[in-house]
Amino acid sequence: EVLQKRAMAEAVIFSRKSSSPILKKKSRHTSRNPKRYSSANGKLSGNSVDSDKYSRSHVDNVDLSSLPGMRTFTDRALLGLLKTFASIHRDKTIINWNNDFRLGAGVRASSVNLNFGMDAGWAVEGAVGSSYKIDATYLSPHVNMASRMCSATKQYGVYFLLSQAVQRLLSENAQEKLRHVDTVTVKGSSVQQKIFTYDAQVREDFFLYSRSASQADMDADRYSPAIWNIDQDLLAMRNHICDEFMDAFNRGRDEYLAGNWPEAIDWLKSADKIMYERALDEGYSTEIYNEEFKSLANWDDNDDAAEQRIILGDGPCQRLIAYMKELGGVAPSGWKGYRPLTSK
Numbered sequence: 328e329v330l331q332k333r334a335m336a337e338a339v340i341f342s343r344k345s346s347s348p349i350l351k352k353k354s355r356h357t358s359r360n361p362k363r364y365s366s367a368n369g370k371l372s373g374n375s376v377d378s379d380k381y382s383r384s385h386v387d388n389v390d391l392s393s394l395p396g397m398r399t400f401t402d403r404a405l406l407g408l409l410k411t412f413a414s415i416h417r418d419k420t421i422i423n424w425n426n427d428f429r430l431g432a433g434v435r436a437s438s439v440n441l442n443f444g445m446d447a448g449w450a451v452e453g454a455v456g457s458s459y460k461i462d463a464t465y466l467s468p469h470v471n472m473a474s475r476m477c478s479a480t481k482q483y484g485v486y487f488l489l490s491q492a493v494q495r496l497l498s499e500n501a502q503e504k505l506r507h508v509d510t511v512t513v514k515g516s517s518v519q520q521k522i523f524t525y526d527a528q529v530r531e532d533f534f535l536y537s538r539s540a541s542q543a544d545m546d547a548d549r550y551s552p553a554i555w556n557i558d559q560d561l562l563a564m565r566n567h568i569c570d571e572f573m574d575a576f577n578r579g580r581d582e583y584l585a586g587n588w589p590e591a592i593d594w595l596k597s598a599d600k601i602m603y604e605r606a607l608d609e610g611y612s613t614e615i616y617n618e619e620f621k622s623l624a625n626w627d628d629n630d631d632a633a634e635q636r637i638i639l640g641d642g643p644c645q646r647l648i649a650y651m652k653e654l655g656g657v658a659p660s661g662w663k664g665y666r667p668l669t670s671k
């Protein structure tokens, strides 16, 4: 079965027409005696593989969920990113860098942080470099998609963005922790898809949940889907999310996708206000400030802390409101329930 699948992959890769005269000549020479692997007898037979049968669209739409252990594998991949997020905000060396006057000028003008984008699919691995230095690189549309998810985190004011392909591969426990923030198409693709975030806020008390390397290894070996409901890091970084906020946001997002933009704006403003007030009460912090949201500072004429409201509010709420206001607050005719994502 493995050899058969490899033959299918080779048929797709080497069926591409080359513009090189040398390769064309070689192709004409070797096409006299085409070969195909037959899984029936484990030998090469005389008929060529039908490359059209295994077109690029078939390769792109490989069902990863059919692979054994894929949900656990995907859960652990996301957990690795979340643990990295928590670790960089409790590492003493990084904290000292962030507080160093020479870097931050006393106002944290410079700080160490990471944003994360995820997609799921195939990729081709290859070595790139010279005799002095060689690195591995990965090429595929899914690598590009992950990069665009990472770039879009800045638009939505979040630390994590996951594609619909990743969300479908996660366990039910993990899926319950994600938030559907928008439905989009990305540059270079006409396929609409939902995008999700794992809501995470920087906590000053992340250091309380630090583990030794041996303890972390033990936790990884003992992984179970229950970790999404009991792990201290995961609970702490999502502690700012409440049912009241989720109800308001989900209602606003659904109205936005349905084209009822005036109602959507009202619900999303309500959700953003809930997040802002909760952040003030609980003392959460964030290092994401989006210049694109400055126009939202005039939501309330008597708001004396407009900039703080933008910083402590909810990024996806603010992004969707800003997008709707840019278009006049009313869904355009022919609105199909998704929008193009401008980041690349």
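Here the sequence shown stands for residues 328 to 671, numbered as in the numbering used here. For glycine and all other residues, C-beta sits at the position ideal for the given N, C-alpha and C.
Bridge partner(s) assigned by DSSP for residue i
i	result
K521	T510
Y465	E452
R666	V511
G444	L488
Residue i - containing alpha helix (DSSP H), residue span
i	result
K527	Note on residue identity: the sequence assigns Ala, not Lys, to residue 527. Counting along the chain, A527 falls outside any alpha helix (DSSP H), and DSSP gives it neither H nor E.
L406	397 to 415
L584	570 to 585
P643	642 to 653
D593	588 to 609
R429	428 to 431
D543	Here residue 543 turns out to be Ala, not Asp, going by the sequence shown. Unbroken alpha helix (DSSP H) run through A543: 540 to 548.
N556	554 to 557
Beta strand (DSSP E) segment containing residue i, residue limits
i	result
E503	Where E503 is concerned, there is no enclosing beta strand (DSSP E), given that its DSSP letter is neither H nor E.
S490	487 to 490
Contact check, residue i vs residue j, beta carbons under 8 angstroms
i	j	result
G448	A492	yes
V485	R666	no
G453	A473	no
W588	A649	no
Y483	L505	no
I592	M651	yes
L497	R398	yes
F523	V508	yes
R636	Y583	no
H567	E609	yes
L409	L595	no
R538	C569	no
Anticipated Cβ contact below 8 angstroms, residue i with residue j, distance rounded
i	j	result
G586	A598	The pair is not a contact, with the Cβ atoms about 19 angstroms apart (cut-off 8 angstroms).
Y550	R403	6 angstroms
V439	N423	At roughly 10 angstroms, the Cβ-Cβ gap does not stay under 8 angstroms, so V439 and N423 are not in contact.
L607	L639	7 angstroms
V455	D462	6 angstroms
S414	R495	Not quite, the Cβ-Cβ distance comes to about 28 angstroms (not below 8 angstroms), so this is no contact.
N442	T480	4 angstroms
L513	L668	The amino acid at residue 513 is misidentified as Leu; the sequence shows Val. Confirmed, Cβ separation roughly 5 angstroms.
R530	M564	6 angstroms
S467	V451	6 angstroms
Contact between the stretch 467 to 482 and the stretch 416 to 429 is defined here as three or more beta-carbon pairs at a separation below 8 angstroms; is this criterion met?
Counting C-beta pairs closer than 8 angstroms gives fewer than three between the stretch 467 to 482 and the stretch 416 to 429, which falls short of the contact rule.
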